[in-house]
Ligand code: NCD
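In the numbering used here, the protein residues as written are 766 to 1072.
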């Protein structure tokens, strides 16, 4: 087992880990295109999905990945758990641990909670998104999707609400560590602090560029991010003018050349980050990202759980 204590941050991933996971994902993707999707390999293990924030694609993606491998999946619905009766998170995790799950997949609005709970469980903890911090499995499936498009050194533009985006933070760290170039484009008040993301060195050597104008001609991959209204303070929320955001930073007709690739982690606010009729335009690989998510998560489960 190469990864220690589950997968909490992309910082845990060495280049060989990444390559092994993405190579295996290729195998799973091919299998899942066929009728018989029961690949097995992890028969009899138990995975608990704890999603304390709304999620469709990530929760379902983990569930399908695990079930196809023979894992029993249990979903904890936040409203129905003892946590609403006032049980602390630590007590809930200790209680769960006593039932001997093999993996805990957690989505939470609290930065750092997945790391915190590794102290109270023997299960492999997988971070399915913690607040504005990290979303490592999304970054791996995005990298897999980018490599399907090009094996070369990539130049990736990531656009939008960067400061609130765990998807951006995990993607940026993973891409920069692998030697790719990243351009971060956002209105000035949504720019991340490079120190908080641990990327100052890449910014100072120019491998990561920060800009407040939508200029993407020098990139081959363009990733738009959701404007995450739920993460803004009440005062801030009132200040967002989605129409002018779309005019300045939205992907519109003429923004992309035919040879550029469009990505978005979903869910898309149509007409805000991407114009209505461009969400599934020929350059878009948004549905490939969803398909690849199941294969990459199977590869991650295998990497963490197979003896
Ligand atoms: C993202 C998330 O929840 O972090 N979505 C996802 O996991 N596919 C991005 C978002 O909600 O904007």
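No residue lacks a Cβ here, since even glycine has one placed at the ideal position from N, Cα and C.
Legend entry - Through-space distance from residue 1056 to residue 802, alpha-carbon basis: Counting from 1 along the chain shown, the entry for residue 802 is found at position 37. Counting from 1 along the chain shown, the entry for residue 1056 is found at position 291. Between residue 802 and residue 1056, the C-alpha separation is close to 13 Å.
Inset, instruction - Hey, could you find the ends of the beta strand (DSSP E) residue 873 is sitting in? - result: Position 108 of the chain shown, counted from the start, is the residue given in the question as residue 873. Here the beta strand (DSSP E) through residue 873 covers 868 to 873.
Inset, instruction - Tell me whether residue 932 counts as near ligand 1, meaning its Cβ is closer than 7 Å to at least one heavy atom of that ligand. - result: The residue you call residue 932 lines up with position 167 of the chain shown. Checking every heavy atom of ligand 1 against the Cβ of residue 932, one is found closer than 7 Å.
Inset, instruction - Please list, in chain order, all residues of the same chain as residue 876 whose beta carbon is under 8 Å from its beta carbon, the five residues on each side excluded. - result: To locate residue 876, count along the chain shown from 1; it is residue 111. Once the five neighbours on either side are set aside, the close Cβ partners of residue 876 are 895, 896, 897 and 898.
Legend entry - Heavy atom of ligand 1 within 7 Å of residue 823 beta-carbon: Position 58 of the chain shown holds residue 823. Under cutoff, so the answer is yes.
Inset, instruction - Look up residue 907 in the DSSP assignment and say whether it is helix, strand or coil. - result: The count along the chain shown starts at 1 and reaches residue 907 at position 142. Three-state DSSP puts residue 907 in a helix.
Legend entry - Beta-carbon gap between residue 809 and residue 834 smaller than 8 Å: Within the chain shown, the letter at position 44 stands for residue 809. Within the chain shown, the letter at position 69 stands for residue 834. Judged by beta-carbon spacing, residue 834 lies beyond the 8 Å limit of residue 809, meaning their Cβ atoms are not closer than that value.
Legend entry - DSSP-derived helix/strand/coil call for residue 857: In the chain shown, residue 857 corresponds to position 92, counting from 1. Helix at residue 857.
Legend entry - Per DSSP, the bridge partner or partners of residue 837: Counting from 1 along the chain shown, the entry for residue 837 is found at position 72. Answer by DSSP bridge pairing, in chain order: 811.
Legend entry - Residue burial classification, residue 935 (beta-carbon count within 10 angstroms, cutoff 16): Position 170 of the chain shown, counted from the start, is the residue given in the question as residue 935. Classification for residue 935: buried.
Legend entry - Short CB-CB distance (under 8 Å) between residue 859 and chain E: In the structure shown, chain E cannot be found, because there is only a single protein chain.
Inset, instruction - Using only the heavy atoms of ligand 1, determine whether one of them is closer than 7 Å to the beta carbon of residue 875. - result: By one-based count along the chain shown, residue 875 stands at place 110. Not under cutoff, so the answer is no.
Legend entry - Alpha-carbon to alpha-carbon, residue 937 and residue 963: The count along the chain shown starts at 1 and reaches residue 963 at position 198. The count along the chain shown starts at 1 and reaches residue 937 at position 172. Residue 963 and residue 937: Cα-Cα distance of roughly 10 Å.
Legend entry - Boundaries (first-last residue) of the alpha helix (DSSP H) holding residue 788: The residue given as residue 788 occupies position 23 in the chain shown. From DSSP, the alpha helix (DSSP H) with residue 788 extends over 780 to 798.
Legend entry - Collapsed DSSP secondary structure at residue 1039 in the structure displayed: For the purposes of this step, residue 1039 is taken as residue 274 along the chain shown, with counting starting at 1. Three-state result, residue 1039: strand.
Legend entry - Residues that DSSP places opposite residue 889 in a beta bridge: Taking the first residue of the chain shown as 1, we reach residue 889 at position 124. Residue 889 has 868 as its beta-bridge partners, per DSSP.
Inset, instruction - Look up residue 1058 in the DSSP assignment and say whether it is helix, strand or coil. - result: The sequence position of residue 1058 within the chain shown is 293, counting from 1. Residue 1058 falls in the helix class under three-state DSSP.
Legend entry - 3-residue-minimum beta strand (DSSP E) runs that sit fully inside the segment 939 to 966, ordered along the chain: With a minimum length of 3 residues, the continuous beta strand (DSSP E) runs that stay inside the segment 939 to 966 are 946 to 950.
Inset, instruction - Tell me, to the nearest whole angstrom, how far the beta carbon of residue 838 is from that of residue 832; I am working on the premise that it is less than 8 Å. - result: Position 73 of the chain shown, counting from 1, holds the residue named residue 838. Position 67 of the chain shown, counting from 1, holds the residue named residue 832. By a beta-carbon distance limit of 8 Å, residue 838 contacts residue 832. Their separation comes to about 6 Å.
Legend entry - Short Cβ contact (8 Å threshold) for residue 906 with residue 1061: Position 141 of the chain shown, counting from 1, holds the residue named residue 906. Position 296 of the chain shown, counting from 1, holds the residue named residue 1061. Yes; because the gap between Cβ atoms is below 8 Å, this pair is in contact.
Legend entry - Beta bridge counterpart(s) of residue 817 as assigned by DSSP: Within the chain shown, the letter at position 52 stands for residue 817. Answer is none; residue 817 lacks a bridge partner.
Legend entry - Which listed residue (886, 859 and 923) has its alpha carbon closest to that of residue 973: Here residue 973 refers to the residue found at position 208 when the chain shown is read from its first residue. Measuring from the Cα of residue 973, the nearest candidate turns out to be 923.
Legend entry - Inter-residue Cα distance where the pair is residue 1044 and residue 1016: The count along the chain shown starts at 1 and reaches residue 1044 at position 279. The count along the chain shown starts at 1 and reaches residue 1016 at position 251. Take the alpha-carbon of residue 1044 and the one of residue 1016: they are about 9 Å apart.
Legend entry - Cβ contact (3+ pairs, closer than 8 Å) linking the segment 1023 to 1031 and the segment 868 to 886: Contact between the segment 1023 to 1031 and the segment 868 to 886 is absent, because fewer than three Cβ pairs lie under 8 Å.
Legend entry - Identity of the residues DSSP links to residue 1049 by a beta bridge: By 1-based counting over the chain shown, the position of residue 1049 is 284. According to DSSP, which records beta bridges pairwise, residue 1049 is partnered with 1027.
Legend entry - Residue nearest to residue 804 in terms of C-alpha spacing, selected from 959, 812 and 795: By 1-based counting over the chain shown, the position of residue 804 is 39. Answer by Cα proximity: 795.
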